[in-house]
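Q: Residue numbers (the working numbering), protein chains in the order written: chain A, 42 to 688; chain B, 42 to 688.
Where is the CB? At the ideal position from N, CA and C, for every residue including glycine.
Here it is: the structure, laid out below.
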């Protein structure tokens, strides 16, 4: 029941209006809206957790070896021998990063993404940098994984090669819609393909190794042609570093677990930590196995057939069912790998928006309780990249992983600094930070060294990366990230200044308004004009109607009709020799406005014609609309639309 | 000086604000704005008049013969012999139409376009039909003439063939800009190319005829390949009628003079009449000459080389300077031919808009005193057609000329009816119609028969046209014109109904407003909110603030701050379980609105955030804007934006 007329005790009244969102095409596409109370509080165990968070990291085994080979190819097929040593170096790096992240997981039970760790320990600039780096990389993860997934499919069905860009973009849109729906039961849905992938990869690697040991593993039958470099180069240390840098793309996705700790069952840091170790072990062993075998079967890196496809073909002797299983499992896990970005990018951008670094709208959860705007933004930017790079993994890879390693470095450095802070604390004291609570811990020095070493290693890799791949495309990212950081800062400044300007701190009541002047622009005299006039007269006694004269005949008619209907209200007719409407009116309002005394308000009452059907708007000049857009920027002028609907 | 405060004798006050339009890129493109007083009142004599109005008609000699040949080609090159007889038939039709239009020119000294003649004599439906037919054809004239002009250029420089669509569209844009500037000195500028064209065509035809008579005119050297039909057809009467229909495109543009009579010097009907005869004579003789010669030199219709080009090449023995003169003159006159449409289409649409058949905005004259919107509309539609038809004259021709002949028929029928009305008048009496004045004239019967015969002939041609070219594309126009007629009627109905609804006839003053209820939606409490609150309190004592609660924390803060700053105004907090903002608010307003008593007004006062820079809008949810769009459609609800600018 509404009882607005009476005043009851309190001036504040709570009401629930039963407005369920209306059904529309969006309901059909992404499902019925969910009330806020439905927010999921589901947690997962280690087995499901591995499935949910590992797809991104594990999927990189599908392209890491190949990307190393692509670089080595510049020195001819003989150089392919270097693939295994390079892979061993990468696995060592993987171990360092894993140990380093183990500590992060235990320190940030509420989730310790690079942005949070950098923000709490290093300050605003490193936090913004980590944020920018991560956002760049999430976008690239979607582009690279999806392109690689489609490359697997194309290897099996070469006829699809010409449609790879279309297929890739369509898949991005599909994953976007799935995420807009909100993947509630994602855990279980993820488990099947992830474990299927792990199992089938181990089987393939196992069989191939067995055949290798028994001497029955031959070379790839009819391998794709080697896209020969212009001139063969020698295997310089630079080339090896370059190959190493390309291979480090295997490490992307490692940070996923540290972002998602809250999703694990209690004891969650324990569970998350163990899952991280599992994940790294599987990743490392598969990657080593694939690199070793690729060299021995003489796999050739190619846009037309992936190394995985060549290996599967060789291990299983042709494109039989086992081959198709491998290709299918690889494609699916690559497509699922995007999902990590789809989970993390919107969450990160919402967090940064809440901190005032990104537009506030990103904090808004859509009808399905997901950060829909972040999801859509991610899909669009990734799709543009895919189209721009023709869905080529090799084209995208030079841009990739720099952001991840920058974020790794900042995160590990932040952790090191956190240990240092912990070392200064008195035992028993607690310091609450935004992302975690600091307590003194024994052995902080060792832990600080571990994280510090991790930071140093990833920093070196990042530099190697930037230098070796600079001209191939890494420069784009090296330019983009600083620009993003600047943009984040500008946004932050805007919000801060706004908050200061609007703050009620030390703010007295605004001065009372003493005089209220009203201007009604009219183009002709009709029922709508009179309704606006009457409304204006209700507001104030000081009303002036203004008519801009473009056509003298029309003006004469207005003049004459005003004598009858104007109720004695003053009418000013503005001559407009250049047939302009807005400009003379604005100039008049400016004049009045400049004569305005303090405590005086000017209101423009605009009779706004509203046709019954939207289409009919085409038949009417939208002067009221234009007037409003322009007047909004005038200080101290209020705009009122008095609509008159006619059917 | 402003003295708005004091009341002087009259309530109506005239003022001139010195607002000259500001300079911008538009000034650069189309020139400085012109005041209304500058409207041109220039008139032209017969020689310049011929140049201005004849380009459209004369230019059709450039393609009419070729389009006849294209049809005859279906029956093989032997059938080309029919081109001369068919051309003679067309010239006879030309004579009939010319005589018929002579009478129109003398009857409508104020301009006697088909629309006016049909409107004054036949009624609204025929007027609308004539209007729709003419508009269709003006668009096609631009598309056909421009494409044909470019085809001439391409004949001379075959390398440009692949760019013909780009060139054609670019030329349309060029002519558009010229017309947006307002072609003030058009007369003289037109005279040179038109007379150059006439002279060079006569010279070419003369030389070729002389060489033919002396036996030295050979066949076309290396003519373009004949694009052979699938199977040769015999020369049926249908094919001949079809060829005839294609050739009647030569008659398009004949009506231009009757539209533009006011542009002639006094005695203007006399001058216009003579100019019309000149024009038809030149057109007829050139067309006959070209058709005769084309047959004799064995010219082949082709997309790659125009018949004019083949004829010039043969007459002048190769692509020397004389050849280039002919091609240049033909291209220029074809491009200029568009100008007739650019003059007539905007004028016709402004006239129809003033009568309420088209959107009123078309009556507005732009900064250069031309009907800029009509000019832009014409250019865009013509460009789309050109792109769609690949700038192919042969592709466009089946759509062409139906509209013109429909307009011819209606115009002549209207004239016949006018003579009939004149025949009923008593001598000495005058009847004023909108377009002309009726006085009794002797010999009205003969004149009625002449116009009636003209109408019958053009009607027959139109039917021949529709039937023979139906499947080639004429059906498009035959579907389009009735649709356009219906659209014009719908627009007219809308304006009529609107005028009735807004009419002040028998309208008393609106009832006085007794109660004024105000609702302020607020999302948080800050200086902007308080400014809006204060404004609302000035308007009425009955103010309610409404907060839609999406985030409970935010709502609690609003609640608490309201206690301090709310000045005792009631605050309603609406729970929104689905995180919707607009819907609960609208539902609340609906409830209040449904309880509204008569003489009660509801005003929604929206605090509207206005950032200093337009770009910053991206950082703010545009709820005020959305709210306004939705509320506009609610009856009896006024929307007020109280802007708060922050920098």
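Under a three-way DSSP split, which group does residue 681 of chain A fall into?
A: The count along the first chain starts at 1 and reaches residue 681 of chain A at position 640. Residue state, collapsed to three classes: strand.
Q: Using the Cα positions of residue 226 of chain B and residue 232 of chain B, report the straight-line distance between them to the nearest angstrom.
A: As a working note, residue 226 of chain B is residue 185 in the second chain. As a working note, residue 232 of chain B is residue 191 in the second chain. With a pLDDT of 47 at residue 226 of chain B, under the threshold of 50, the predicted position of this residue should be treated as unreliable, though the coordinate-derived value follows. Residue 226 of chain B and residue 232 of chain B: Cα-Cα distance of roughly 11 Å.
Q: Compare the C-beta of residue 149 of chain A with all C-beta atoms of chain B and state if any pair is closer than 7 Å.
A: Here the question's residue 149 of chain A lines up with position 108 in the first chain. Chain B contact via Cβ: absent.
Q: Can you pull the chain A residues whose beta carbon is under 9 Å from the beta carbon of residue 668 of chain B, in chain order?
A: In the second chain, the residue the question calls residue 668 of chain B occupies position 627. Neighbours of residue 668 of chain B on chain A: none; closest Cβ ~12 Å, over 9 Å.
Q: Please classify residue 544 of chain B as buried or exposed, where buried requires at least 16 other C-beta atoms within 10 Å of its C-beta.
A: The residue given as residue 544 of chain B occupies position 503 in the second chain. The residue in question, residue 544 of chain B, is exposed, as its Cβ has fewer than 16 Cβ neighbours within 10 Å.
Q: Following the continuous beta strand (DSSP E) through residue 264 of chain B, name the residue where it begins and the one where it ends.
A: Numbered from its first residue, the second chain carries residue 264 of chain B at position 223. Element bounds for residue 264 of chain B: n/a, residue is neither H nor E.
Q: Please report the residue range of the alpha helix (DSSP H) in which residue 575 of chain B lies.
A: Counting from 1 along the second chain, the entry for residue 575 of chain B is found at position 534. The continuous alpha helix (DSSP H) containing residue 575 of chain B extends over residues 568 to 580.
Q: Okay, do the stretch 282 to 291 of chain A and the stretch 507 to 520 of chain A touch, 3+ Cβ pairs below 8 Å being the bar?
A: As far as the Cβ criterion goes, the stretch 282 to 291 of chain A touches the stretch 507 to 520 of chain A, which means the pair count is three or higher.
Q: Can the beta-carbon of residue 390 of chain B be found closer than 7 Å to that of residue 179 of chain B?
A: Taking the second chain and counting its residues from 1, the one referred to as residue 390 of chain B is at position 349. Taking the second chain and counting its residues from 1, the one referred to as residue 179 of chain B is at position 138. Result no, Cβ atoms of residue 390 of chain B and residue 179 of chain B do not sit closer than 7 Å.
Q: Can you tell me whether DSSP reads residue 586 of chain A as helix, strand or coil?
A: Start at 1 with the first residue of the first chain, and residue 586 of chain A comes out as number 545. In the structure shown, residue 586 of chain A sits in a strand (DSSP, three-state: E or B).
Q: Answer with yes or no whether the minimum CB distance from residue 680 of chain A to chain B is below 7 Å.
A: Residue mapping note: residue 680 of chain A aligns to position 639 of the first chain, counting from 1. For residue 680 of chain A, the answer is yes, since a Cβ of chain B falls inside 7 Å of its Cβ.
Q: Does any C-beta atom of chain B lie closer than 7 Å to the C-beta of residue 580 of chain A?
A: In the first chain, the residue the question calls residue 580 of chain A occupies position 539. Chain B contact via Cβ: present.
Q: Would residue 616 of chain A count as contacting chain B if we go by Cβ distances under 7 Å?
A: Numbered from 1 along the first chain, position 575 holds the residue referred to as residue 616 of chain A. With 7 Å as the cut-off, residue 616 of chain A counts as an interface residue toward chain B.
Q: Is DSSP giving residue 251 of chain A helix, strand or coil here?
A: By one-based count along the first chain, residue 251 of chain A stands at place 210. If DSSP states are grouped into helix, strand and coil, residue 251 of chain A belongs with the helices.
Q: How would you list, in chain order, the residues of chain A whose beta-carbon sits under 8 Å from the beta-carbon of residue 603 of chain B?
A: Working through the second chain from its first residue, we reach residue 603 of chain B at position 562. By Cβ distance, chain A contributes 52, 53.
Q: Could you tell me the boundaries of the alpha helix (DSSP H) in which residue 212 of chain B lies?
A: Here the question's residue 212 of chain B lines up with position 171 in the second chain. First-last of the alpha helix (DSSP H) with residue 212 of chain B: 205 to 222.
Q: Hey, how far is the Cα of residue 260 of chain A from the Cα of residue 339 of chain A?
A: Counted from its first residue, the first chain places residue 260 of chain A at position 219. Counted from its first residue, the first chain places residue 339 of chain A at position 298. Cα to Cα, the separation comes out at about 6 Å.
Q: Based on Cα-Cα distance, which residue from B:630, B:274, B:676 lies nearest to residue 652 of chain A?
A: Counted from its first residue, the first chain places residue 652 of chain A at position 611. Per the Cα distances, B:676.
Q: Checking contacts by CB at 7 Å: is residue 683 of chain B closer than that to chain A?
A: For the purposes of this step, residue 683 of chain B is taken as the residue at position 642 of the second chain. Taking Cβ atoms only, chain A reaches closer than 7 Å to residue 683 of chain B, which makes this a yes.
Q: CA-CA distance, residue 374 of chain A and residue 97 of chain A?
A: The residue you call residue 374 of chain A lines up with position 333 of the first chain. The residue you call residue 97 of chain A lines up with position 56 of the first chain. For residue 374 of chain A and residue 97 of chain A, the distance between alpha carbons rounds to 8 Å.
Q: Give me the Cα-Cα distance between residue 492 of chain B and residue 106 of chain B, rounded to the nearest whole angstrom.
A: The residue given as residue 492 of chain B occupies position 451 in the second chain. The residue given as residue 106 of chain B occupies position 65 in the second chain. Looking at the backbone, the Cα of residue 492 of chain B and that of residue 106 of chain B are separated by about 27 Å.
Q: List, in chain order, every chain A residue whose beta-carbon is nearer than 8 Å to that of residue 612 of chain B.
A: The residue labelled residue 612 of chain B in the question sits at position 571 within the second chain. Near residue 612 of chain B (Cβ distances below 8 Å), the residues of chain A are 52, 53, 54.
Q: What residues from chain A crowd round residue 74 of chain B, counting only those whose CB sits closer than 7 Å?
A: Taking the second chain and counting its residues from 1, the one referred to as residue 74 of chain B is at position 33. The contacting residues are 619.
Q: What are the partner residues of residue 479 of chain A, as DSSP defines its beta bridges?
A: Counting from 1 along the first chain, the entry for residue 479 of chain A is found at position 438. Beta-bridge pairing links residue 479 of chain A to A:472.
Q: So with Cβ pairs under 7 Å, would you call residue 337 of chain A a contact of chain B?
A: Reading the first chain from its first residue, position 296 is the one you call residue 337 of chain A. No, residue 337 of chain A lies away from the interface with chain B (no Cβ there is under 7 Å from its Cβ).
Q: Alpha carbon to alpha carbon, how far is residue 160 of chain B from residue 310 of chain B? Give it in angstroms, no decimals.
A: Along the second chain, one-based indexing puts residue 310 of chain B at 269. Along the second chain, one-based indexing puts residue 160 of chain B at 119. When rounded, the distance between both Cα atoms is 21 Å.
Q: Have a look at residue 426 of chain B and residue 514 of chain B and give me their C-alpha separation to the nearest angstrom.
A: Within the second chain, numbered from 1, the residue matching residue 426 of chain B stands at position 385. Within the second chain, numbered from 1, the residue matching residue 514 of chain B stands at position 473. Going by the C-alpha atoms only, they are around 13 Å apart.
Q: Determine the contact status of residue 116 of chain A and residue 280 of chain A, defining contact as a CB-CB distance below 7 Å.
A: Within the first chain, the letter at position 75 stands for residue 116 of chain A. Within the first chain, the letter at position 239 stands for residue 280 of chain A. Yes; because the gap between Cβ atoms is below 7 Å, this pair is in contact.
Q: Within its chain, find whatever has a CB closer than 7 Å to the CB of residue 667 of chain A; leave out the 5 residues flanking it on each side and keep chain order.
A: Numbered from its first residue, the first chain carries residue 667 of chain A at position 626. Contacts found: 623.
Q: Report the partner residues of residue 643 of chain B according to the DSSP bridge assignment.
A: The sequence position of residue 643 of chain B within the second chain is 602, counting from 1. B:558, B:678.
Q: Please say whether residue 113 of chain B and residue 123 of chain B have beta carbons closer to each other than 7 Å?
A: Stepping through the second chain from its first residue, residue 123 of chain B is reached at position 82. Stepping through the second chain from its first residue, residue 113 of chain B is reached at position 72. Yes; because the gap between Cβ atoms is below 7 Å, this pair is in contact.
Q: Classify residue 346 of chain A as helix, strand or coil using the three-state DSSP reduction.
A: Here residue 346 of chain A corresponds to residue number 305 of the first chain, with the count starting at 1. Looking at residue 346 of chain A - three-state DSSP - the assignment turns out to be coil, as it is neither helix nor strand.
Q: Give the range of the alpha helix (DSSP H) segment to which residue 55 of chain A is assigned.
A: Stepping through the first chain from its first residue, residue 55 of chain A is reached at position 14. Segment 53 to 57 is the beta strand (DSSP E) holding residue 55 of chain A; no alpha helix (DSSP H) there.
Q: Just confirm the distance between the C-beta atoms of residue 135 of chain A and residue 321 of chain A, as a whole number of angstroms; I'd bet it's less than 8 Å.
A: In the first chain, residue 135 of chain A corresponds to position 94, counting from 1. In the first chain, residue 321 of chain A corresponds to position 280, counting from 1. Residue 135 of chain A to residue 321 of chain A, Cβ: 6 Å. Contact.
Q: Give me, in chain order, the residues of the same chain whose beta-carbon lies closer than 8 Å to that of residue 46 of chain B; leave out the 5 immediate sequence neighbours on both sides.
A: Mapped onto the second chain, residue 46 of chain B falls at position 5. Here residue 46 of chain B scores only 40 on pLDDT, less than 50, and its place in the model is too uncertain to base an answer on.
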